[in-house]
Structure formats: C-alpha cells, structure tokens
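J.: Heads up, the sequence shown is in the numbering used here, so the first residue is 421 and it goes up one at a time.
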Amino acid sequence: MALLNVAEIREKIRALGPRPDPQEVEDARQALAASNASLAQALESIALEDLEAKEKAARDAAERERLPLRAILQLDELHRLYGNLLKDAEALLEKNSSVPVKEEGQGQNLAASRLLDEAAEKKLSELNLCNQSLQLVPESIGRISSLVDLNLSTNQVEVLPDAIAGLANLERLQVQSNRLRILPDSIGLMKNLKYLNCSRNQLKQLPESISGCSALIELNADFNKLEYLPSRFGRGMDSLERLSLQLNSLTYLPPTLCEAQTLKHLDLHFNKLRSLPRAIGNLTRLETLDASSNFSDLTALPESMADLVSLTHLDLRYNQIRELPLSFGRLTNIKTLELDENPLVDPPLEIVQQGTPATMKYLAYRLEASLLKAIEEEKLRSSQQPSSPSWIPAAAQGWVSGVYSNISSYLTSPKASGKEDYLEQQL
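Here is the structure:
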C-alpha cells in the first residue's frame, strides 16, 4: 500500500508540472506586495466624482495583474504539500521494506480468518492486523464482540463487511491506507465507536448512517475523494471533538454539521469549499479552524463566525477572501490568525503584515467605530422624531455607553495618531 501511495503522489506531482524555482516564488511575492501598494495609492488618488466606477476599474486592473502571480504561489504551495506527503509515503515504504514478505492473496486471507477465530475464542479486546496484505475482511469478524480496538490499516481492503457492526463494544477502528471506496451502512449501529480513522482511501462519500455513531470523538477522513458529506452529518454526534477532512474535494458543508456543538478542532484545508455554513457560529467550543487552501473557491465568510467565542487559531491562507466580516471584531480570544495569499482589502494588507495582534486590534476598533456611527445616526433620528422609541434595548444601554466612552477616549488620545492612523480611516 505504501508503494501505491508513493506512485499516486508522484503522479499528482507530475500532473502539477514543474515547480517554480525559489527566486520566481520570491519575485511573485514581492510583485504581489508591490501590486497591493500600487492599488492602495490608486484608490487614494481617486476623486470623489465617479468614485464607485473608478474604484472598480482600479481593483479590476490590480486583480488582472495579480492573478498570474498568485498562480505561481499556489502552484508552489501544491508542490510543497504533495512533496511532504511523498516524503511520508516513501518513509513508510522504506520502513515496510524491512518487514519479511508475507504470503499474498487467498492464503493471507485464510490466515486472517484463523486469527479472527482465535481472537473470538480468547475474547481479545485488541486485534492488530496492520500491514498483513489483506484483501478481504471475513464476515466472521462480527463474532468478536469483546473487541475494543481493531487495527486493519495499511492493507488492500476494498470493502468492509456489514458484519463489522457486530463489534458492539468497539471504541477504536483504524482502516486508513486501504482501498476502501465506501464504508458499510451498518457502521451507524456502532454506538460505542469513539475513534475512526478512514484516511488515505478512495472514499467518495460517507454513509448517511454515520451520524448514528453518537459516541464518536474523533473522525479522520483525510486524503480521500469526498465530494460531499451526508445531509444530516453532525446531527446526534454529541461527542465529536475533532474532525479532519483535509485533502478532499468538498464544495460545501451541510448545515447540520453545526449541530455538533462539542467540536473543538475542524480541519478543512485543501478542498474546494465555496462557503462555510451560516450557522457555524453555533460551534461555540471550536478552538482551531483550518479552512486554508480552498483557493479560488472560498471568497467570503459568514458573519456568524464572530460567535466562535472559544476560537484561538484560524487559518484562512490561500483563498480569495477580500474582506473579513465586520463582526470579526468580537473574536477576542484569537491568538493566531493566518491570512496570507488572499486579495484582502479590509483589513488592509499593511495591517495584516504587522501580525495577529495588530490585525485583531484593527478589527475590534473597526467594529466599535461602526457601532458608534450607528448610535450617532440613531440619536440624530431620535432628535428629529422625539416620539420614536430607541432601537437599542434597555439592557444594552450600559454596554453601548461603555463603547461610546472607549471610542471617545481613544479618538482624543495621543494613541490615535502615528502608527495607528489607520484606525481613524473612514469605514
């Protein structure tokens, strides 16, 4: 299987074409930075008349200039990612080459059947059949009801039998690095399953029944061919903490994923996502989110992401995001925010380049400035129509007053000048 992975990865690398040399990549980075600076200067020089048309023309011209430069950087990133995968596969191949050659085909499957019979007789709780050149998993595996941990990884298995659902006590199932094209529908009957690793297979979909694995804590389906998730995925999965779906072909996520409110780590990088669910803010325990390398498909983010109050690490590199939602100013626990290789307009590139603290500070003051503007507009309307009730709930008056005070003191302090002039720009 290691040899197969090496061949597959090498084929993907060949399909990418030649990798840009380091100097070409560095030149592209510098040219992108120069293009961003040029666009900023062009926007500053635009007169107020015909502002919208001129701004659009300037942005379109800059986008045409940056497109081939970003293509170089994205190609280099693809080579880097596949290069790392190739190293891992080659290391596995080298490791396996020191293992004595096992008998292949039917003989090896018969040997596995004998091992299963022995495991059932001895009521084993753990069974390791990793790297045994297995092509079939016998139906008799369902009789080993005592199993808690089953390792079938690094074989040549194409199908798991429905009888696997007979492993009522199974908590950990490892089937990574096989040739699986589908998981059995019966997997949803495994109510005690906590850890499932089905990465590095050929899965194009997961069974709808997988939501029945209500005890599942960790699911790794990396490096498959998944194009979508089950329509109810996440519903009833009340223990799920870690979900890894990197290196697939997902274009969207079902809204029900956001019902898995115990989720802490979500890895979606290197897919084809066009958007994130609007209800993603319901994942209030989420700590890390990697939505990087969705390239030209991911262009915007939902406002509800600001409700991810536990989020500390957010990776959005290598997408086509132009603007972060106004509500991002509420993400006060962010420690790492990765935004490289996006055509960002707001926050400005010069702020992003200063790092996460500067970016988050900018986003916080951008939000407060917007709130202040809304408050002032409401005050003006109220003064013109005294009988109109305020739009601000009574319970929120204290908080709004605090925001007003904070902004006023900031704008009148020396800190509002110098290096932080960007905080005074018109929003």
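From the three backbone atoms N, C-alpha and C, an ideal C-beta is built for every residue, glycine too. Here the structure is a predicted model, which is why all the values come from computation and not from measurement.
1) Please state the DSSP three-state secondary structure of Arg439.
2) Does DSSP put Asn702 in a helix, in a strand, or in coil?
3) Just grab the DSSP bridge partners of Asn617 for me.
4) Can you give the Cα-Cα distance for Cys550 and Ala448, rounded to whole angstroms?
5) Which one of Ala778, Leu567, Asp717 has the shortest CA to CA distance from Asn589?
6) In the structure shown, what three-state DSSP assignment does Arg534 receive?
7) Terminal residues of the continuous alpha helix (DSSP H) containing Arg801?
8) Helix, strand or coil: which one does DSSP assign to Arg662?
9) If you draw a straight line from the alpha carbon of Pro767 to that of Arg500, how long is it in whole angstroms?
10) What would DSSP say about Glu446, mapped onto helix, strand or coil?
11) What residue ranges within the segment 540–582 form continuous beta strand (DSSP E) runs of no fewer than 3 residues, ordered along the chain?
12) Identify whether Asp919 lies in helix, strand or coil by the three-state DSSP scheme.
13) Please work out which residues of its chain come closer than 7 angstroms, Cβ to Cβ, to Asp681, disregarding the five sequence neighbours upstream and downstream, and give them in chain order.
14) Within the 8 angstroms Cβ cut-off, does Leu660 reach chain B?
15) When the distance is taken between beta carbons, is Leu665 closer than 8 angstroms to Ala641?
16) Does the distance from the C-beta atom of Ser629 to that of Arg655 stay below 8 angstroms?
17) By how many angstroms is the C-alpha of Lys476 removed from the C-alpha of Glu638?
18) Considering just the uninterrupted stretch of the beta strand (DSSP E) at Glu758, what are its terminal residues?
19) My guess is that Pro674 and Ser651 are in contact by the Cβ rule of under 8 angstroms, so how many angstroms apart are they, rounded?
20) Would you decide whether Arg801 is buried or exposed? Buried here means 16 or more other CB atoms lie within 10 Å of its CB.
21) Contact defined as beta carbons within less than 8 angstroms: I believe Leu646 pairs with Cys618. What is the distance between those atoms, to the nearest angstrom?
22) So the beta strand (DSSP E) Leu769 belongs to, where does it begin and stop?
T.: So, to answer that:
1) coil
2) helix
3) As computed with DSSP, Asn617 is found in a beta bridge with Gln594, Asn640.
4) 45 angstroms
5) Leu567
6) helix
7) Where Arg801 is concerned, the enclosing alpha helix (DSSP H) stretches over 776–804.
8) The answer is strand: DSSP assigns Arg662 an E or B state.
9) 28 angstroms
10) helix
11) Taking only runs of at least 3 residues, the beta strand (DSSP E) segments lying wholly in the segment 540–582 are 546–548, 569–571.
12) Any question about residue 919 goes unanswered here, given that the chain covers just 421 to 847.
13) This sequence places Gln at residue 681; Asp is not what is there. The answer, listed in chain order, is Asn702, Leu703, Thr704, Arg705.
14) Here chain B cannot be found, since the structure has a single protein chain.
15) In terms of Cβ geometry, Ala641 and Leu665 form a close pair [threshold 8 angstroms].
16) no
17) 46 angstroms
18) 756–758
19) 6 angstroms
20) With fewer than 16 Cβ atoms within 10 Å of its Cβ, Arg801 is classed as exposed.
21) Leu646 to Cys618, Cβ: 10 angstroms. No contact.
22) Taken as a continuous stretch (DSSP letters only), Leu769 belongs to no beta strand (DSSP E), being part of the alpha helix (DSSP H) at 769–772.
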